[in-house]
Amino acid sequence: MECIFCKIIKNEIPSQLIYEDDYTMAFLDIAPVLPGHVLVVPKKHVATLGAMDDVILCHTMNTVQKIAEAMKEALGARGYNITINNGEAAGQLIDHFHLHVIPRHKKEELDLWAQGKYETGEAESIAKKIKAKL
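If you're matching positions, the sequence shown starts at 54 in the numbering used here and goes up one per residue.
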């Protein structure tokens with residue numbers, strides 16, 4: 054069975070795409086911890102960090118850096134969290150390596166596992182702002 058991220062990469066499932074290159078994709082999380090929460094995934098199906106080759110790892114981290122800085126500027130964030138849940142014991146729910154990039158505006162309490170929802174049009178607006186800074 055193909056994973057949900059592979060289906061997003063193939064455009065079989067819609068996403069709020071932020072960025073795409075030959076190696077990676079970045080899109081808004083559908084259940085964001087905070088508005089602007091982005092997932093960065095390698096296009097090649099790789100389950101964990103340890104399974105990634107150096108080329109994919111390098112491109113993935115370059116994308117994370119681009120997204121994080123664009124997000125900070127676009128959303129007026131004062132910082133960001135970058136998280137990896139690597140393996141089932143660490144909370145990895147989808148068997149396709151991915152990083153969470155979460156904008157931070159103040160020193161608020163953050164439940165990294167909370168699942169929020171976007172209001173109508175909010176995801177599109179946030180995605181447009183971040184894309185404009187890339």
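Think of the CB as a built atom: it goes at the ideal place given N, C-alpha and C, for glycine as much as any other residue.
These numbers come from a predicted model, not from an experiment.
Neighbourhood of residue i by C-beta distance below 8 Å, restricted to the same chain and skipping five residues each side
| i | result |
| --- | --- |
| ILE62 | MET78, VAL94, LYS96 |
| ASP148 | CYS56, ALA100 |
| GLU175 | PRO88 |
Where the alpha helix (DSSP H) containing residue i begins and where it ends
| i | result |
| --- | --- |
| GLU161 | It is not in any alpha helix (DSSP H) - GLU161 carries neither H nor E in the DSSP assignment. |
| ILE179 | 175-185 |
Residue of the options minimising C-alpha distance to residue i
| i | options | result |
| --- | --- | --- |
| GLU161 | GLY132, HIS151, GLU172, ILE179 | GLY132 |
| GLU177 | ASN115, ASP74, ASP107, VAL91 | VAL91 |
| LEU187 | LEU102, TYR171, LEU128 | LEU128 |
Burial state of residue i, where buried means 16 or more other Cβ atoms lie within 10 Å
| i | result |
| --- | --- |
| ILE66 | exposed |
| LYS119 | buried |
| LYS125 | buried |
| ASP195 | Absent from the model: residue 195. The displayed extent of the chain is 54 to 187, so no value can be given. |
| ALA123 | buried |
Start and end residues, beta strand (DSSP E) containing residue i
| i | result |
| --- | --- |
| ILE135 | 132-136 |
Same chain only: Cβ atoms within 7 Å of residue i, ignoring 5 sequence neighbours per side
| i | result |
| --- | --- |
| PHE58 | VAL94, ILE147, HIS149, HIS151 |
| request: Taking only runs that begin and end inside the region 71-115, name each unbroken alpha helix (DSSP H) of 4 or more residues, in chain order. | output: none
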